[in-house]
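K.L.:
Note that my numbering has the sequence shown beginning at 2, numbered continuously upward.
For every residue, glycine included, the Cβ atom is placed at its ideal position computed from N, Cα and C.
None of the values given here were measured: they were computed from a predicted structure.
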Amino acid sequence: MNNVCVFDHPLIQHKLSILRDKNTSVKEFRELVSEIAMLMCYEATRDLPLEEIEVETPIAVAKARRISGKKLAVVPILRAGLGMVDGMVSLIPNAKVGHIGLFRDPETKEPVKYYFKMPPDIAERDVIVVDPMLATGGSASAAISFIKETGVSRIKLMCIIGAPEGVERMQQDHPDVPIYIAALDEKLNENAYIVPGLGDAGDRIFGTK
Numbered sequence: 002m003n004n005v006c007v008f009d010h011p012l013i014q015h016k017l018s019i020l021r022d023k024n025t026s027v028k029e030f031r032e033l034v035s036e037i038a039m040l041m042c043y044e045a046t047r048d049l050p051l052e053e054i055e056v057e058t059p060i061a062v063a064k065a066r067r068i069s070g071k072k073l074a075v076v077p078i079l080r081a082g083l084g085m086v087d088g089m090v091s092l093i094p095n096a097k098v099g100h101i102g103l104f105r106d107p108e109t110k111e112p113v114k115y116y117f118k119m120p121p122d123i124a125e126r127d128v129i130v131v132d133p134m135l136a137t138g139g140s141a142s143a144a145i146s147f148i149k150e151t152g153v154s155r156i157k158l159m160c161i162i163g164a165p166e167g168v169e170r171m172q173q174d175h176p177d178v179p180i181y182i183a184a185l186d187e188k189l190n191e192n193a194y195i196v197p198g199l200g201d202a203g204d205r206i207f208g209t210k
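1. Counting only runs of 4+ residues fully inside the region 68 to 99, write out the alpha helix (DSSP H) ranges in chain order.
2. With a 10 Å radius around its C-beta and 16 neighbouring C-beta atoms as the bar for buried, classify Y115 as buried or exposed.
3. CB-CB under 7 angstroms to C160, same chain, minus the five flanking residues each way: which ones, in chain order?
4. Can you give me the Cβ contacts of M89 inside the same chain, cut-off strictly under 6 angstroms, excluding the 5 residues immediately before and after it?
5. Mapping DSSP to helix, strand and coil, what is M119?
6. CB V130 to CB A141, shorter than 8 angstroms?
7. For E111, which option in I123, T137, A96 has the closest C-alpha, if you only look at C-alpha atoms?
8. Quick one: Cα of K72 to Cα of A96, how far?
9. What span of residues does the beta strand (DSSP E) with I180 cover, start to end?
10. Quick check on the DSSP output: the beta strand (DSSP E) that includes V153 runs from which residue to which?
11. So, helix, strand or coil for E53, using DSSP?
12. When we look at the beta-carbon of H15 and count the other beta-carbons within 10 Å, is it buried (16 or more) or exposed?
13. Let me confirm a value: A164 is counted as buried when at least 16 other C-beta atoms fall within 10 Å, else exposed. Which label applies?
14. Closest to H100 by CA distance: which of D9, K118, L49 is it?
15. Following the continuous beta strand (DSSP E) through D127, name the residue where it begins and the one where it ends.
16. What are the boundary residues of the alpha helix (DSSP H) that includes F147?
17. Would V113 and F104 qualify as a contact pair, given that the criterion is a beta-carbon distance under 8 angstroms?
18. Tell me where the alpha helix (DSSP H) around G208 begins and ends.
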């Protein structure tokens with residue numbers, strides 16, 4: 002699949018196996034979502050440009066490399082996406098965090114934006130949109146469309162589990178947006194839940210199941 006990265010890192014896969022387990026506690030589930038997001042963020046930012054600088058060590062001057070002034074933003078899709086934010090900003094503490102809330106109109110079935118708050122300079126930033134589950138792809142596609150309207154041109158989507166239907170929808174609507182997932186599952190069921198998946202990520206993160 003073009004522009005799709007499925008992580009096979011042993012640590013990610015190990016933590017994902019515990020995340021899927023229906024007996025995993027809310028506390029552990031929440032911690033695992035954050036930890037997996039951190040590990041995925043490490044890989045998803047591998048292409049950040051570097052610049053060479055000089056640093057004075059206690060011994061001598063060393064040539065070193067640092068991120069080349071790149072501004073980043075993390076945008077969770079409410080509410081489940083919030084569970085991924087802490088792990089990511091622990092790695093990139095200077096990243097700004099935007100928020101987008103969507104609900105599905107019961108008549109048109111189209112996503113409706115009910116909350117949208119971005120950093121003032123969002124158009125100048127590379128944006129990573131996060132949501133644990135990429136099911137139908139409707140919410141992710143709509144969220145990215147709304148973000149693009151602000152002038153953002155560099156966007157990545159990071160989800161823990163994806164369904165083929167969601168990946169296909171994203172590739173149709175936003176072929177320019179790379180997708181990072183820890184697992185590509187089998188399908189969606191009649192209720193649009195990912196199979197085998199892990200259930201409702203938001204309910205399991207916040208203990209509302």
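P.N.:
The answer reads as follows:
1. 83 to 92
2. Translated into positions along the sequence shown, residue 115 becomes position 114. Its Cβ having fewer than 16 others within 10 Å, Y115 is exposed.
3. In the sequence shown, the residue the question calls residue 160 occupies position 159. So the list reads D132, P133, M134, L135, I182, once near-sequence residues are dropped.
4. Start at 1 with the first residue of the sequence shown, and residue 89 comes out as number 88. Cβ within range, chain order: A38, C42, V75.
5. Indexing the sequence shown from 1 puts residue 119 at position 118. Reduced to three states, the DSSP call for M119 is coil.
6. As a working mapping, residue 130 is identified with position 129 in the sequence shown. As a working mapping, residue 141 is identified with position 140 in the sequence shown. Yes; because the gap between Cβ atoms is below 8 angstroms, this pair is in contact.
7. Taking the first residue of the sequence shown as 1, we reach residue 111 at position 110. Of the candidates I123, T137, A96, the one whose C-alpha sits nearest the C-alpha of E111 is T137.
8. For the purposes of this step, residue 72 is taken as residue 71 along the sequence shown, with counting starting at 1. For the purposes of this step, residue 96 is taken as residue 95 along the sequence shown, with counting starting at 1. Spanning the two alpha carbons is a distance of roughly 7 angstroms.
9. As a position in the sequence shown, residue 180 is number 179, starting the count at 1. Element bounds for I180: 180 to 185.
10. As a first step, residue 153 is located in the sequence shown; it is residue number 152 there, counting from the start. Here V153 belongs to no beta strand (DSSP E), and DSSP marks it neither H nor E.
11. Counted from its first residue, the sequence shown places residue 53 at position 52. Correct three-state label for E53: strand.
12. Locating residue 15 in the sequence shown gives position 14, where the first residue counts as 1. When all chains shown are included, H15 counts as exposed.
13. For the purposes of this step, residue 164 is identified with residue 163 of the sequence shown, where counting begins at 1. The residue is buried, with at least 16 neighbouring Cβ atoms inside 10 Å.
14. Counting from 1 along the sequence shown, the entry for residue 100 is found at position 99. Here the closest residue by C-alpha is K118.
15. Numbered from 1 along the sequence shown, position 126 holds the residue referred to as residue 127. Here the beta strand (DSSP E) through D127 covers 127 to 131.
16. Sequence index remark: in the sequence shown, residue 147 carries index 146 (1-based). Looking at the DSSP string, the run of the alpha helix (DSSP H) that includes F147 is 139 to 149.
17. Along the sequence shown, one-based indexing puts residue 113 at 112. Along the sequence shown, one-based indexing puts residue 104 at 103. Yes, the pair counts as a contact, with Cβ atoms nearer than the cut-off.
18. For this step, residue 208 is matched to residue 207 along the sequence shown. Looking at the DSSP string, G208 is not in any alpha helix (DSSP H), and its letter there is neither H nor E.
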